[in-house]
Amino acid sequence: EDQVTQSPEALRLQEGESSSLNCSYTVSGLRGLFWYRQDPGKGPEFLFTLYSAGEEKEKERLKATLTKKESFLHITAPKPEDSATYLCAVQAEQTGANNLFFGTGTRLTVIP
Amino acid sequence: ETGVTQTPRHLVMGMTNKKSLKCEQHLGHNAMYWYKQSAKKPLELMFVYNFKEQTENNSVPSRFSPECPNSSHLFLHLHTLQPEDSALYLCASSQSLAGGTRSYEQYFGPGTRLTVT
């Protein structure tokens, strides 16, 4: 069964303290892996799409990487405005045309 | 307006009421989606539309009735809901449906926070 697991569930960092969020997945053929950011009371905001193992994408202080079993979202020198819930989602080749399987997210808090 | 908009942002309804949620996308996309987000649970896909045609219904109870009059607008009609239906309802759109090895990112609206009393 297709599955997405994110860890940790919650993470508190001091401003400037770099860390990584993990997204482990099991799908029968990965079509794409997506990272989203969600602020309280708002919809998810698209960050990255990764398609194949070894691929990396960067945006400001965020860098997403992908292996055959997991993805990492690295946050370098985070700032308080990076505080949000980060969601990972995968789309498998064999499932319905656009069924994204989401994880439950990592709630990141960056303390000034 | 830009991106994906949803109205109302908050809705409180009784179990016998009938209400509708509205979504509009200003991105020129062809596919639209409804998701349900409950606390501590992953987003659940409810319905998918492509060029106004419904392509997926993930075993959603009939008290939720979607309508897609064109590629830019999507509605979710609600009637005789249960308290467990209280959640954040999110609308999303994408350029197209995934095909072969190609996947399209989905862009989300701000959601409607629904409370059923």
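Heads up: the sequence lines are chains A and B, in that order.
Under the numbering used here, think of the first position of the first sequence as 619, with each following residue one higher.
Under the numbering used here, think of the first position of the second sequence as 9, with each following residue one higher.
The beta-carbon is built from N, C-alpha and C at its ideal position, and this holds for glycine as well.
#1: Using a Cβ-Cβ cut-off of less than 8 angstroms, give me the residues of the segment 655-671 of chain A that come near chain B, in sequence order.
#2: At a threshold of 6 angstroms, does Leu684 (chain A) count as lining the ligand FMN (C-beta to nearest heavy atom)?
#3: Can you say whether Ile729 (chain A) is buried or exposed, counting buried as having 16 or more other CB atoms within 10 angstroms of its CB?
#4: Give me the residue from A:Ala695, A:Gly650 and A:Glu633 with the minimum Cα distance to Leu684 (chain A).
#5: When the Cα atoms are used, what is the spatial distance from Leu51 (chain B) to Leu718 (chain A)?
#6: By alpha-carbon positions, which one of B:Thr24, B:Gln114 and B:Glu75 ends up nearest to Ser102 (chain B)?
#7: Taking Leu665 (chain A) as the reference, which of A:Ser646, A:Cys706, A:Val622 and A:Arg630 has the closest Cα?
#8: Against chain B, with Cβ distances strictly below 7 angstroms, would Phe690 (chain A) count as a contact?
#9: Counting pairs of beta carbons, one from the segment 12-30 of chain B and one from the segment 69-85 of chain B, are three or more of them closer than 8 angstroms?
#10: Which chain A residues are close to Gly117 (chain B), counting only those with a beta carbon under 7 angstroms from its beta carbon?
#11: Inspect the beta-carbon positions of Phe690 (chain A) and Ser638 (chain A) and report whether they are closer than 7 angstroms.
#12: How would you list, in chain order, the residues of chain B whose beta-carbon sits under 8 angstroms from the beta-carbon of Leu718 (chain A)?
#13: State the CB to CB distance for the pair Leu98 (chain B) and Gly661 (chain A), rounded to an integer number of angstroms; the pair is presumed to be in contact (CB under 8 angstroms).
#14: Spatial neighbours of Gln62 (chain B) within its chain, please: C-beta separation below 8 angstroms, excluding the five flanking residues on both sides.
#15: Please work out which residues of its chain come closer than 6 angstroms, Cβ to Cβ, to Thr15 (chain B), disregarding the five sequence neighbours upstream and downstream, and give them in chain order.
#16: Since Lys48 (chain B) meets chain A, which of its residues come closer than 7 angstroms, beta carbon to beta carbon?
#17: Please name the residue in B:Gln33, B:Leu35 and B:Ala47 whose C-alpha comes closest to that of Thr123 (chain B).
On the basis of the supplied data:
#1: Gly659, Lys660, Gly661, Pro662, Glu663, Phe664, Thr667 and Tyr669
#2: Ligands displayed in this structure: none; no statement on the ligand FMN is therefore possible.
#3: For the purposes of this step, residue 729 (chain A) is taken as residue 111 along the first sequence, with counting starting at 1. Ile729 (chain A) comes out exposed.
#4: Taking the first sequence and counting its residues from 1, one reaches residue 684 (chain A) at position 66. It is A:Gly650.
#5: Here residue 51 (chain B) refers to the residue found at position 43 when the second sequence is read from its first residue. Here residue 718 (chain A) refers to the residue found at position 100 when the first sequence is read from its first residue. Whole-angstrom Cα-Cα distance: 9 angstroms.
#6: Position 94 of the second sequence holds residue 102 (chain B). Of the listed residues, the one whose Cα sits closest to Ser102 (chain B) is B:Gln114.
#7: Here the question's residue 665 (chain A) lines up with position 47 in the first sequence. It is A:Cys706.
#8: For this step, residue 690 (chain A) is matched to residue 72 along the first sequence. Cβ-Cβ to chain B under 7 angstroms: no for Phe690 (chain A).
#9: Put simply, the segment 12-30 of chain B touches the segment 69-85 of chain B. At least three CB pairs are less than 8 angstroms apart.
#10: As a working note, residue 117 (chain B) is residue 109 in the second sequence. Near Gly117 (chain B) (Cβ distances below 7 angstroms), the residues of chain A are Gly661.
#11: Within the first sequence, residue 690 (chain A) is the residue found at index 72, counting from 1. Within the first sequence, residue 638 (chain A) is the residue found at index 20, counting from 1. Judged by beta-carbon spacing, Ser638 (chain A) lies within the 7 angstroms limit of Phe690 (chain A), meaning their Cβ atoms are closer than that value.
#12: Residue 718 (chain A) sits at position 100 when you count from the first residue of the first sequence. Here the neighbours are Leu51, Leu53 and Gln114.
#13: Within the second sequence, residue 98 (chain B) is the residue found at index 90, counting from 1. Within the first sequence, residue 661 (chain A) is the residue found at index 43, counting from 1. At roughly 5 angstroms, the Cβ-Cβ gap stays under 8 angstroms, so Leu98 (chain B) and Gly661 (chain A) are in contact.
#14: Along the second sequence, one-based indexing puts residue 62 (chain B) at 54. The answer, listed in chain order, is Phe55, Val56, Pro74 and Cys76.
#15: Within the second sequence, numbered from 1, the residue matching residue 15 (chain B) stands at position 7. So the qualifying residues of the chain are Lys30.
#16: Here residue 48 (chain B) corresponds to residue number 40 of the second sequence, with the count starting at 1. Within chain A, the residues near Lys48 (chain B) are Thr722.
#17: As a first step, residue 123 (chain B) must be located in the second sequence, where it is residue number 115. Closest by alpha carbon: B:Ala47.
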